[in-house]
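Chains as they are written, first to last, in my numbering: chain A, 1 to 348; chain B, 349 to 696; chain C, 697 to 1044.
Backbone N, C-alpha and C define an ideal beta-carbon position, used for all residues, glycine too.
Worksheet: the structure to be examined is printed underneath.
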Amino acid sequence: MTLAELAAFVGGTIEGGSPDAPVTGVSSLHDALPGDVSFLANPRYARQLASTKATAVFVASGADVRPPEAGGALVRVDSPDGAFAKTVPLFTVPPPVRKPGIHPSAVVDPSAKIGKDVHVGPLSVIGPGAVIGDRCVIEAHVVVADGAVVGDDCHLYPMVSIRERCRIGSRVTIHNGTVIGADGFGYETKVGPTGIEVKKIPQLGIVEIGDDVEIGANATIDRARFGATVIGAHTKIDNLVQIGHNVRTGPYCGIVSQVGIAGSTHLGTGVMIWGQAGLAGHLTIADGVEILAHAGVAGDLLAPGQYLGAPALPKRDALRVFHAPRAVERLKEQVAALEAKVKALEQR
Amino acid sequence: MTLAELAAFVGGTIEGGSPDAPVTGVSSLHDALPGDVSFLANPRYARQLASTKATAVFVASGADVRPPEAGGALVRVDSPDGAFAKTVPLFTVPPPVRKPGIHPSAVVDPSAKIGKDVHVGPLSVIGPGAVIGDRCVIEAHVVVADGAVVGDDCHLYPMVSIRERCRIGSRVTIHNGTVIGADGFGYETKVGPTGIEVKKIPQLGIVEIGDDVEIGANATIDRARFGATVIGAHTKIDNLVQIGHNVRTGPYCGIVSQVGIAGSTHLGTGVMIWGQAGLAGHLTIADGVEILAHAGVAGDLLAPGQYLGAPALPKRDALRVFHAPRAVERLKEQVAALEAKVKALEQR
Amino acid sequence: MTLAELAAFVGGTIEGGSPDAPVTGVSSLHDALPGDVSFLANPRYARQLASTKATAVFVASGADVRPPEAGGALVRVDSPDGAFAKTVPLFTVPPPVRKPGIHPSAVVDPSAKIGKDVHVGPLSVIGPGAVIGDRCVIEAHVVVADGAVVGDDCHLYPMVSIRERCRIGSRVTIHNGTVIGADGFGYETKVGPTGIEVKKIPQLGIVEIGDDVEIGANATIDRARFGATVIGAHTKIDNLVQIGHNVRTGPYCGIVSQVGIAGSTHLGTGVMIWGQAGLAGHLTIADGVEILAHAGVAGDLLAPGQYLGAPALPKRDALRVFHAPRAVERLKEQVAALEAKVKALEQR
């Protein structure tokens, strides 16, 4: 497809670029490479428009913008995101569709209950007493252990483990390699008559995952010591996240890659935690708290707002910490000047 | 079961609450929800008693405590933890028992040696020359590679990989998705006549895991370049931990989730490392060192005690670092006051 | 083998130690245990020679060094690393060789294309339309999903997932449990008439991995929103690393364990990132940048050199930050002394 054909397809007018330029893909302005079509809907990203390598960018008819510096074209349309949405299917492939049916190589225990129109892929294992809801897609190489319950319309990718008796809501997606319900980390250490004794504390609870949750790849959510580790509905969890035993998250939380939340910490509604942040155990995190990347949270956060640093502080205080070294440099100069002046005064 | 029935079951007397209140589970004071039974054995947690949502809390007959503020009852007994231990089985389910036997879908190499009363679950692979000790439970979807040796009474959960020739002690538990013995990260980089050349350093050693070790989910312990990466007996490792090649831990260490230990670092006995801490390579960490969460350890730690921060310092010094910004604020005020005074003196 | 036999084997002369001492393995100077043979090629490591526990150390004939303090011997040879390379095979076992052939328990879709001399291990799944290049080793328990393409001479270890349509170059090694091509973390959150609405942003792109890449265990590399997440040729990635959607790395990068790189960040050539560092999204990291362990990178790094701390700064500036608390202590003393002097002046 050429730029000219693309403009005709969306009913737009070209500004700049070359009408014969080949168009081969779609992208965001930042990520675009030559051949890509992108769009500018929000004027906030106008700077990205200037530097994009896209071959064509949909912009609003009346937008006060110029073509990208790298030589791409503007395609003026009534609705830039509408035109983009219409273009995306030309250059992308939807995910594979899994047809209902149980692959003959899957090992499904006779006591498991499988809902209607379920797909169970090759070599998956559905254990004794497990329940799989209607229209679920259980891909290849998934293990749903004894007595675990999966709701309707879930999608479990390869290498996912759902451990014994854990409960997954409906419309839940779990990506490859994630482990739901391994034992929490709990031991009692004593010095006994024969030396150190480390005794495992049995982890007898489960994990309960609400509806409409999505969990990334290779994450781990530990079963509770007693009761349940709870992930609230509509919460989204990224890759390699660790959720300790008896953690409870509210609904609508977002937990980004490599975050760790230690045992028995409770998150409110809509808590957002960015990459690599860590939360100590037994904390209370209020509704609407946002914990920024790489933070280390050692105490309760009871007011909404942004927190930063290790130990994490309200953003304003954390920035003061970050700027302290510069203040020290200024203080050194001020103190040296004072010392000279005082010496001079003393010698008078 | 009602509160009254529970009190009768343990031979206790009720104080506060409602005798007809339903009792449905067990929990810690902090995690308890209405319906739960909990206990207070250590007076240190008396504050948690006040705020718990538990319906019933076992406390010692003579304890000077009042019922929870949320309306739950005290149940006074001779031994609160004894009463709790007696109650737990009423409300919890023990882990599934795996019977001895090899599932027909497992792929066990004819040259592998399988001990007595071993369970091998569906679709697991036991490679050529591998050895599995007596009474082991190898769950579904485990791969024990060529020549690996697993001791007696081990429990390997689904998706565990034991790579070639690694040696696991007895009574070792490894949770889902953990990888024992992948190659360490080692390359030689040179600028040769044709440009950069990156050459892999072969990783020819193994991993040796001592007796009574437990390892969480999705952790990685790399094989040594030569010799062995060693995990000492009774050491406990949490989820998503990374242990580099040629690391050696002493016995009785504890390594919490998302910790990373770089290559050839050696830990003494009873070293405790809390979540997300990182240790550089080639370090020596003495017996009894405790590294707090999120710390970054860049040098040897040769004295026992607590270490904190990045770069990690003895706790007292680290706290001084954390408080430095506040000291800077005070210094600014002091210096401004001094400047004014000196100016006044100069003008006299 | 005895020390004397070892010396004869490499044609060296013994200095110190006992000729009958048993020799049982090979190691680096730092990691060596009694019984090990090691070598000193670079005089920089002479201090390690003094403290090594090795039984024998190859050193250059004329090197000005003395035997290890622990009682090991020097074995003087013309080429210490040559002698070591000759000795290594005596004490190490090469990795298992996988013969060409498809295990009968593997599930290979009839529409998949399998190259010449490919090994497919037990219970692996090769999906519809997938392509496996010549001489690849696909170990047990690997899933290559629909339409994924793997080049020639690749080695995929157990529990690896290659998601739909991702493209792997030639001579690529991926260790156990790594996930290539799970969905990136992308959602749109709106407050609609019925409350919060969280809408998934479809992740329609792929992952493209260049030639000669190696990736460790349990790492995750997310598929792009559109287009491709790209790992440059010869780049080496360690265990538990997270690479977000639309990240692009140049060739010859090194990314050490537990690093996280957020979406759409672009790395130049030869970028080195040490353990547990985190990079925010949408950043540009220049050729030759080295990011030290545990750093948190929040902005573009446009000049080569070393960066440290969180937020990461050029190493010199970061060290000033680390030393600021000590400067504060000195300032406190200076200010106290000044206050006393000014008071004295005022009282004159």
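Does the count of Cβ pairs from the segment 406-417 of chain B and the segment 425-441 of chain B closer than 8 Å reach three?
As far as the Cβ criterion goes, the segment 406-417 of chain B touches the segment 425-441 of chain B, which means the pair count is three or higher.
Tell me the residue span of the beta strand (DSSP E) that contains residue 770 of chain C.
Bounds of the beta strand (DSSP E) holding residue 770 of chain C are 769-773.
Are there 16 or more other CB atoms within 10 angstroms of the CB of residue 789 of chain C, so buried, or fewer, so exposed?
Exposed: under 16 other Cβ atoms inside 10 Å.
CB of residue 840 of chain C within 9 Å of CB of residue 821 of chain C, strictly:
Between residue 840 of chain C and residue 821 of chain C, the C-beta gap is smaller than 9 Å, which places the two residues in contact.
I need the straight-line Cα distance from residue 758 of chain C to residue 582 of chain B, nearest angstrom please.
Using only the alpha carbons, I get a separation of about 47 Å.
Mind checking which residues open and close the beta strand (DSSP E) that includes residue 925 of chain C?
Note, residue 925 of chain C: beta strand (DSSP E), 924-927.
Alpha-carbon spacing of residue 21 of chain A relative to residue 32 of chain A, whole angstroms
Distance between the alpha carbons of residue 21 of chain A and residue 32 of chain A is about 15 Å.
Which of helix, strand or coil DSSP assigns to residue 467 of chain B:
Strand at residue 467 of chain B.
According to DSSP, is residue 306 of chain A helix, strand or coil?
Correct three-state label for residue 306 of chain A: strand.
Thinking just about the alpha-carbon of each residue, which of C:968, C:834, C:899 and C:894 is nearest to the one in residue 959 of chain C?
Cα-wise, what sits closest to residue 959 of chain C is C:899.
If we require 4 or more residues per run, which alpha helix (DSSP H) segments fall completely within the segment 1005-1036 of chain C?
If we require 4 residues or more, the segment 1005-1036 of chain C turns out to have no alpha helix (DSSP H) run fully inside it.
Count Cβ pairs between the segment 845-862 of chain C and the segment 498-515 of chain B that sit closer than 8 Å; are there 3 or more?
With a cut-off of 8 Å, the segment 498-515 of chain B and the segment 845-862 of chain C count as touching, because enough Cβ pairs lie within range.
Cβ-based neighbour list, residue 400 of chain B, same chain, cut-off 8 Å, excluding 5 preceding and 5 following:
Correct list, in chain order: 377, 378, 380, 386, 416, 418 and 420.
Given 8 Å as the limit, is there contact between the segment 480-488 of chain B and the segment 529-547 of chain B, that is, 3 or more CB pairs closer than that?
No, they do not touch.
DSSP three-state label for residue 87 of chain A, please.
Residue state, collapsed to three classes: helix.
So which of A:320, A:148, A:14 and A:302 has the shortest CA-CA distance to residue 78 of chain A?
The shortest Cα separation from residue 78 of chain A among A:320, A:148, A:14 and A:302 belongs to A:14.
Leaving out the 5 sequence neighbours to the left and right, which residues in its chain are closer than 7 Å to residue 713 of chain C when beta-carbon positions are compared?
Only residues of its own chain outside the window of five on either side were considered, and among them 699, 751, 752, 763, 767, 768 and 769 have a CB closer than 7 Å to the CB of residue 713 of chain C, listed in chain order.
Judging by CA-CA distance, which residue of C:786, C:864, C:746 and C:882 is the nearest neighbour of residue 977 of chain C?
Of the candidates C:786, C:864, C:746 and C:882, the one whose C-alpha sits nearest the C-alpha of residue 977 of chain C is C:882.
Cutting at 7 Å between CB atoms, please list the residues of its own chain near residue 190 of chain A, excluding the five before and the five after it.
Only 197 meet the Cβ criterion.
Opposite residue 272 of chain A in the DSSP bridges: which residues?
Its beta-bridge partners are A:254 and A:290.
On a Cα-Cα basis, can you pick out the residue from A:326, A:311, A:313 and A:314 that is closest to residue 1013 of chain C?
For residue 1013 of chain C, the closest of A:326, A:311, A:313 and A:314 by C-alpha to C-alpha distance is A:326.
Just list the residues that DSSP pairs residue 462 of chain B with in beta bridges.
Looking at the DSSP assignment, residue 462 of chain B forms a beta bridge with B:480.
Backbone CA spacing between residue 1026 of chain C and residue 663 of chain B [nearest angstrom]
So the alpha carbons of these two residues sit roughly 20 Å apart.
Identify the contact partners of residue 871 of chain C in chain A, using a Cβ-Cβ distance below 7 Å as the criterion.
Result: empty, since nearest Cβ-Cβ is about 13 Å, beyond 7 Å.
For the candidate residues C:945, C:934, C:1032 and C:913, whose alpha-carbon lies nearest to that of residue 903 of chain C?
Check the Cα spacing between residue 903 of chain C and each of C:945, C:934, C:1032 and C:913: the tightest is with C:945.
Going by other Cβ atoms of all chains shown within 10 Å of its Cβ, with 16 needed for buried, is residue 812 of chain C buried or exposed?
Residue 812 of chain C comes out exposed.
Residues of the segment 670-682 of chain B in Cβ contact with chain C at a cutoff of 8 Å, in chain order, please.
Shown in chain order are the members of the segment 670-682 of chain B whose Cβ falls below 8 Å from a Cβ of chain C: 672, 675, 676, 679 and 682.
How would you list, in chain order, the residues of chain B whose beta-carbon sits under 8 Å from the beta-carbon of residue 972 of chain C?
The contacting residues are 608, 624, 626 and 644.
Residues in the segment 526-547 of chain B with C-beta within 7 Å of chain C's C-beta atoms, listed in sequence order?
Under the 7 Å Cβ criterion, the segment 526-547 of chain B contributes 527, 530, 531, 533, 535, 544 and 546.
At a Cβ threshold of 9 Å, is residue 697 of chain C touching chain B?
Residue 697 of chain C does not count as touching chain B.
Hey, does residue 788 of chain C have any beta-carbon neighbour from chain B nearer than 9 Å?
At least one beta carbon of chain B lies nearer than 9 Å to the beta carbon of residue 788 of chain C.
Would you list the one or two residues that DSSP bridges to residue 408 of chain B?
DSSP output for residue 408 of chain B lists B:425 as bridge partner(s).
Under 9 Å between C-beta atoms, does residue 453 of chain B make it to chain A?
Cβ-Cβ to chain A under 9 Å: yes for residue 453 of chain B.
Going by beta-carbon coordinates alone, are residue 617 of chain B and residue 591 of chain B separated by less than 9 Å?
Not in contact: residue 617 of chain B and residue 591 of chain B (Cβ atoms no closer than 9 Å).
Which chain A residues are close to residue 379 of chain B, counting only those with a beta carbon under 7 Å from its beta carbon?
Within 7 Å Cβ-Cβ: 227, 246 and 264.
Residue range of the unbroken alpha helix (DSSP H) whose run includes residue 701 of chain C:
Counted as a single uninterrupted DSSP element, the alpha helix (DSSP H) harbouring residue 701 of chain C occupies residues 699-706.
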